[in-house]
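Chemist: One structure coming up, written as structure tokens, with questions to follow.
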Amino acid sequence: MRCMVMVRATDESESETQAMPSAEIMAAMNRFNEELVQAGVMLAGEGLKPSRDGKRVRFASGRQQVVDGPFAETRELIAGFWLWQVRSMDEALEWARRCPAPFVGECEIEIRPLYEEADFAEVMSPELRESEARLRGQIADRAR
Amino acid sequence: METAELHRRIDAVWRLEAPKLIGALVRVVRDIDLAEELAQDALVSALERWPDSGIPDNPGAWLMTTARNRGIDLLRHRQLAERKHAMLGGDPDFEPHVMPDFDALDDDIGDDRLRLIFTACHPVLPHEARIALTLRLLGGLTTAEIARAFLQPEPTVAQRIVRAKRTLAEKRVPYDMPRGEERGERLASVLGVIYLIFNEGYAATAGEDWMRPALCEEALRLGRMLAALEQDEPEVLGLLALMELQASRTHARVDASGRPVLLDRQDRTRWDRLAIARGQALLARAIRHPDGAGPHTLQAAIAACHAGAPTAAATDWPRIAALYALLLQVAPSPVIELNRAVAVSRAEGPAAGLVLVEAIADAPALSRYAPLPAVRGDLLEQLGRRDEARSEFRRAAELTTNAGEREVMLARAAALDIPAG
Numbered sequence: 001m002r003c004m005v006m007v008r009a010t011d012e013s014e015s016e017t018q019a020m021p022s023a024e025i026m027a028a029m030n031r032f033n034e035e036l037v038q039a040g041v042m043l044a045g046e047g048l049k050p051s052r053d054g055k056r057v058r059f060a061s062g063r064q065q066v067v068d069g070p071f072a073e074t075r076e077l078i079a080g081f082w083l084w085q086v087r088s089m090d091e092a093l094e095w096a097r098r099c100p101a102p103f104v105g106e107c108e109i110e111i112r113p114l115y116e117e118a119d120f121a122e123v124m125s126p127e128l129r130e131s132e133a134r135l136r137g138q139i140a141d142r143a144r
Numbered sequence: 001m002e003t004a005e006l007h008r009r010i011d012a013v014w015r016l017e018a019p020k021l022i023g024a025l026v027r028v029v030r031d032i033d034l035a036e037e038l039a040q041d042a043l044v045s046a047l048e049r050w051p052d053s054g055i056p057d058n059p060g061a062w063l064m065t066t067a068r069n070r071g072i073d074l075l076r077h078r079q080l081a082e083r084k085h086a087m088l089g090g091d092p093d094f095e096p097h098v099m100p101d102f103d104a105l106d107d108d109i110g111d112d113r114l115r116l117i118f119t120a121c122h123p124v125l126p127h128e129a130r131i132a133l134t135l136r137l138l139g140g141l142t143t144a145e146i147a148r149a150f151l152q153p154e155p156t157v158a159q160r161i162v163r164a165k166r167t168l169a170e171k172r173v174p175y176d177m178p179r180g181e182e183r184g185e186r187l188a189s190v191l192g193v194i195y196l197i198f199n200e201g202y203a204a205t206a207g208e209d210w211m212r213p214a215l216c217e218e219a220l221r222l223g224r225m226l227a228a229l230e231q232d233e234p235e236v237l238g239l240l241a242l243m244e245l246q247a248s249r250t251h252a253r254v255d256a257s258g259r260p261v262l263l264d265r266q267d268r269t270r271w272d273r274l275a276i277a278r279g280q281a282l283l284a285r286a287i288r289h290p291d292g293a294g295p296h297t298l299q300a301a302i303a304a305c306h307a308g309a310p311t312a313a314a315t316d317w318p319r320i321a322a323l324y325a326l327l328l329q330v331a332p333s334p335v336i337e338l339n340r341a342v343a344v345s346r347a348e349g350p351a352a353g354l355v356l357v358e359a360i361a362d363a364p365a366l367s368r369y370a371p372l373p374a375v376r377g378d379l380l381e382q383l384g385r386r387d388e389a390r391s392e393f394r395r396a397a398e399l400t401t402n403a404g405e406r407e408v409m410l411a412r413a414a415a416l417d418i419p420a421g
């Protein structure tokens, strides 16, 4: 299974005067990433710039509106992420426990499993799947 | 923490730590059986202690220390017993076992796992044993899980692992990294084993067993592990690229009723773009390497041609045919010859492909190979030779062991019973 592991932003990571992470944290994070890579777990991972560099596109009643950062609700923002391939949530949790604290002070890492094909098995009735497959087949035939 | 939760956590810790732990122990005691025994003992201690003491901050180091102390105890006892035995027997040739240097466990030797996989894939072992041992030692899978994944009885797999470890001990296989020419051979065996594990999962995705897609993931994990440890081996990158590119198609390969969907008819929107991107990036690194393209890299390049085509019709068949020709030079085989024939038929027409198929039709290796009559039937049908095509499809249905494929072949044969209109 795959999961997205998100480092939640903090007031500090979002602040105007935010300093780059200390060399110590960078080194610890680097060691951790190295372990993830050597275990074949890590598929991707990046750090994100503060939300003041970001933009949002809001959809409401058929219209779109662009909102410039920074965004409120710091605790709901993401400061970095990984994509991991693990055998179970237990395994993901075990890895997350080994992650060095990403920021000084209180901070949080969130693990969210990705939807996999099998998760839709219950939602999709066999008839619906069959019909979708048939449709796709027809489209493919037409594209020939 | 509740007991059930604690046990789940210990299980997760164990699966993460076992390959490192066993790898380091093998390096020191030079005996897989003993290393596994010591590691298992450390796990038992953890199960006894951790419910009261809590899980330590660094569970890996705790397990390593426990295994070391247990090893020192165990071997001291054995030495003592041997010495007594020798004194009683008055054996003049008695040589006590040398106590391994357990302190060396603390040395952070990053390639313990690499050595372990090279040992598990040693050519003195039969293929099945290499697979089972690799999954057990490097993947941390239980014997029951391996048995279920390969649809085999558990005692068979257990026997296979026991025998493999005995063979390695009897043949005195060293736990060092092979060098020179031998290293190349062993690496080829390691790559072969990983790819076999992948294919066992990939070919079976139509089945209902949940463990089998997990085998693909396990192979990918092993491939990534190898790529992180063996950074200068283009074929390691090539194999990983190949597996990523093939895995990207997993969900599109079967239809709602579990029947296989051929590449041409797959819904390309269901291909995993992230896996494709990872595969393409790995392939680019493999190709840049001065050692040139090996068999896995060339197969990855072919898979990348498919992955990069927005529609089946846009596939660059001349390039694929050329890549198969290169592949034939480094890894001659009638199966690849057949694949080249398909590519040529798509690039230059069915007649050109049929010439190549006929040239290998009598190859003994293909005498019971279902794809041969399937391809031949397809080309004959395109050329309007319906009667011959029908009997080829029937032959393919007879030879295939996959129920879904048999159905497809019988349907194609039946369609040819209707007069052309």
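Residue numbers (the UniProt record's numbering), protein chains in the order written: chain A, 1 to 144; chain B, 1 to 421.
In this text, a Cβ means the ideal position worked out from N, Cα and C, and glycines have one as well.
If we call anything under 7 Å between Cβ atoms a contact, is B/P19 one with B/R113?
Modeler: The residue you call residue 19 of chain B lines up with position 19 of the second sequence. The residue you call residue 113 of chain B lines up with position 113 of the second sequence. Closer than 7 Å, so yes.
Chemist: Tell me, please, whether the region 191 to 206 of chain B touches the region 50 to 60 of chain B by the rule of three or more beta-carbon pairs shorter than 8 Å.
Modeler: no
Chemist: Let me confirm a value: B/I161 is counted as buried when at least 16 other C-beta atoms fall within 10 Å, else exposed. Which label applies?
Modeler: On the second sequence, position 161 is the one that residue 161 of chain B refers to. With 16 or more other Cβ atoms within 10 Å, it is buried.
Chemist: Is the shortest distance between the beta-carbon of A/V37 and the beta-carbons of chain B less than 7 Å?
Modeler: Within the first sequence, the letter at position 37 stands for residue 37 of chain A. Yes, A/V37 counts as interfacial toward chain B.
Chemist: For B/I360, collect the residues of the same chain with a Cβ closer than 6 Å to its Cβ; drop the 5 residues on either side in sequence, then sort them by chain order.
Modeler: What you label residue 360 of chain B is simply residue 360 of the second sequence in a count that begins at 1. Counting only Cβ-Cβ distances below 6 Å, and skipping sequence neighbours, we find P334 and E337.
Chemist: Since B/C121 is in the beta strand (DSSP E), which residue starts that stretch and which ends it?
Modeler: Here residue 121 of chain B is taken as the residue at index 121 of the second sequence, counted from 1. Note, B/C121: premise wrong, no beta strand (DSSP E); not H, not E.
Chemist: Give me the Cα-Cα distance between residue 430 of chain B and B/I22, rounded to the nearest whole angstrom.
Modeler: Outside the shown range of chain B, which is 1 to 421, sits residue 430 of chain B, and nothing can be said about it.
Chemist: Could you tell me which chain B residues have their CB closer than 8 Å to the CB of A/L43, listed as they occur along the chain?
Modeler: Along the first sequence, one-based indexing puts residue 43 of chain A at 43. The contacting residues are L274 and R278.
Chemist: Please tell me whether B/P100 and B/V28 are closer than 7 Å, where the distance is taken between their beta carbons.
Modeler: Numbered from its first residue, the second sequence carries residue 100 of chain B at position 100. Numbered from its first residue, the second sequence carries residue 28 of chain B at position 28. Yes. Within cutoff.
Chemist: DSSP puts A/W84 in a beta bridge; with which residues?
Modeler: Position 84 of the first sequence holds residue 84 of chain A. In DSSP, A/W84 forms a bridge with A/C3 and A/M42.
Chemist: Could you check whether the region 81 to 100 of chain A touches the region 34 to 53 of chain A, counting it as contact only if at least three pairs of C-beta atoms, one from each stretch, sit closer than 8 Å?
Modeler: yes
Chemist: Do you know how far the Cα of A/G80 is from the Cα of B/L215?
Modeler: For the purposes of this step, residue 215 of chain B is taken as residue 215 along the second sequence, with counting starting at 1. For the purposes of this step, residue 80 of chain A is taken as residue 80 along the first sequence, with counting starting at 1. Taking the straight line joining both Cα atoms gives about 30 Å.
Chemist: Which bits of chain A does B/A12 rub up against, with CB to CB less than 8 Å?
Modeler: Your numbering for residue 12 of chain B matches position 12 in the second sequence. Residues of chain A passing the Cβ test: S88, D90, E91, L93 and E94.
Chemist: Is DSSP giving A/D68 helix, strand or coil here?
Modeler: Translated into the one-based positions of the first sequence, residue 68 of chain A becomes position 68. Strand.
Chemist: Sorted by chain position, which residues of the same chain lie with C-beta nearer than 6 Å to B/P350's C-beta, five sequence neighbours on each side aside?
Modeler: By 1-based counting over the second sequence, the position of residue 350 of chain B is 350. Answer for B/P350: L379, Q382 and L383, listed in chain order.
Chemist: Give me the Cα-Cα distance between B/G139 and A/T74, rounded to the nearest whole angstrom.
Modeler: As a working mapping, residue 139 of chain B is identified with position 139 in the second sequence. As a working mapping, residue 74 of chain A is identified with position 74 in the first sequence. C-alpha separation (whole angstroms): 40 Å.
Chemist: Kindly indicate if chain A contains any beta-carbon less than 7 Å away from that of B/L138.
Modeler: Counting from one through the second sequence, the residue named residue 138 of chain B turns up at place 138. Not one chain A Cβ lies under 7 Å of B/L138.
Chemist: For B/S345, is the classification buried or exposed, using 16 other Cβ atoms within 10 angstroms of its Cβ as the cut-off for buried?
Modeler: The sequence position of residue 345 of chain B within the second sequence is 345, counting from 1. Note on B/S345: 16 or more other CB atoms within 10 angstroms of its CB, so buried under the neighbour-count rule.
Chemist: For B/K20, name the three-state secondary structure that DSSP assigns.
Modeler: Counting from 1 along the second sequence, the entry for residue 20 of chain B is found at position 20. Helix at B/K20.
Chemist: How is A/E16 classed by DSSP in three states: helix, strand or coil?
Modeler: Your numbering for residue 16 of chain A matches position 16 in the first sequence. Coil, per DSSP.
Chemist: Would you identify the three-state DSSP class for B/E235, choosing helix, strand or coil?
Modeler: If you number the second sequence from 1, residue 235 of chain B lands on position 235. Residue state for B/E235 is assigned as helix, using DSSP reduced to three classes.
Chemist: Determine whether the Cβ of A/G40 lies closer than 7 Å to any Cβ atom of chain B.
Modeler: The count along the first sequence starts at 1 and reaches residue 40 of chain A at position 40. Answer yes: the Cβ-Cβ gap between A/G40 and chain B drops below 7 Å somewhere.
Chemist: Since I believe B/Q280 is in contact with B/A304 (beta carbons under 8 Å), could you give me their beta-carbon distance rounded to a whole number of angstroms?
Modeler: Here residue 304 of chain B is taken as the residue at index 304 of the second sequence, counted from 1. Here residue 280 of chain B is taken as the residue at index 280 of the second sequence, counted from 1. With a Cβ gap of about 6 Å, B/A304 and B/Q280 count as contacting.
Chemist: Around the Cβ of B/W271, are there at least 16 other Cβ atoms within 10 angstroms (buried) or fewer (exposed)?
Modeler: Taking the first residue of the second sequence as position 1, residue 271 of chain B is located at position 271. Classification of B/W271: buried, given that the 10 Å Cβ count is 16 or more.
Chemist: So with Cβ pairs under 7 Å, would you call A/A140 a contact of chain B?
Modeler: Residue mapping note: residue 140 of chain A aligns to position 140 of the first sequence, counting from 1. Residue placement at A/A140 is flagged as unreliable, the pLDDT there being 45, under the threshold of 50; a coordinate-derived value is accordingly withheld.
Chemist: Look at the alpha carbon of B/A325 and the alpha carbon of B/S248, and state the distance between them as a whole number of angstroms.
Modeler: Working through the second sequence from its first residue, we reach residue 325 of chain B at position 325. Working through the second sequence from its first residue, we reach residue 248 of chain B at position 248. One C-alpha to the other measures close to 25 Å.
Chemist: What residue range does the beta strand (DSSP E) around A/A60 cover?
Modeler: Stepping through the first sequence from its first residue, residue 60 of chain A is reached at position 60. Start and end: K55 to A60.
Chemist: Assess contact between the region 62 to 72 of chain B and the region 102 to 110 of chain B, defined as three or more Cβ pairs (one per stretch) separated by less than 8 Å. Is contact present?
Modeler: yes
Chemist: In or out: B/M409 buried (at least 16 other Cβ within 10 Å) or exposed?
Modeler: Your numbering for residue 409 of chain B matches position 409 in the second sequence. Classification of B/M409: buried, given that the 10 Å Cβ count is 16 or more.
Chemist: Whole angstroms is fine: what's the gap from A/R144's alpha carbon to B/P373's?
Modeler: Translated into positions along the first sequence, residue 144 of chain A becomes position 144. Translated into positions along the second sequence, residue 373 of chain B becomes position 373. Note that A/R144 scores 36 on pLDDT, short of 50, meaning its location in the model is unreliable; the coordinates nonetheless yield the value given after this. The straight-line gap from Cα to Cα measures roughly 24 Å.
Chemist: Any beta carbon of chain A sitting closer than 7 Å to that of B/R221?
Modeler: The sequence position of residue 221 of chain B within the second sequence is 221, counting from 1. Taking 7 Å as the threshold, the shortest C-beta distance from B/R221 to chain A falls below it.
Chemist: Which two residues bound the contiguous alpha helix (DSSP H) that contains A/P113?
Modeler: Along the first sequence, read from residue 1 onward, the residue named residue 113 of chain A stands at position 113. Not the alpha helix (DSSP H): A/P113 falls in the beta strand (DSSP E), residues I109 to P113.
Chemist: Flag residue 422 of chain B as yes if its beta-carbon sits less than 7 Å from any beta-carbon of chain A, otherwise no.
Modeler: As displayed, chain B neither begins before 1 nor continues past 421, which places residue 422 of chain B out of reach and without an answer.
Chemist: Starting from B/A286, find everything on chain A with Cβ-Cβ shorter than 9 Å and list it in chain order.
Modeler: In the second sequence, counting from the first residue as 1, residue 286 of chain B sits at position 286. Result: empty, since nearest Cβ-Cβ is about 17 Å, beyond 9 Å.
Chemist: My understanding is that B/H127 touches B/L237, with C-beta atoms under 8 Å, so please give their C-beta distance in whole angstroms.
Modeler: Against the second sequence, residue 127 of chain B aligns to sequence position 127. Against the second sequence, residue 237 of chain B aligns to sequence position 237. At roughly 23 Å, the Cβ-Cβ gap does not stay under 8 Å, so B/H127 and B/L237 are not in contact.
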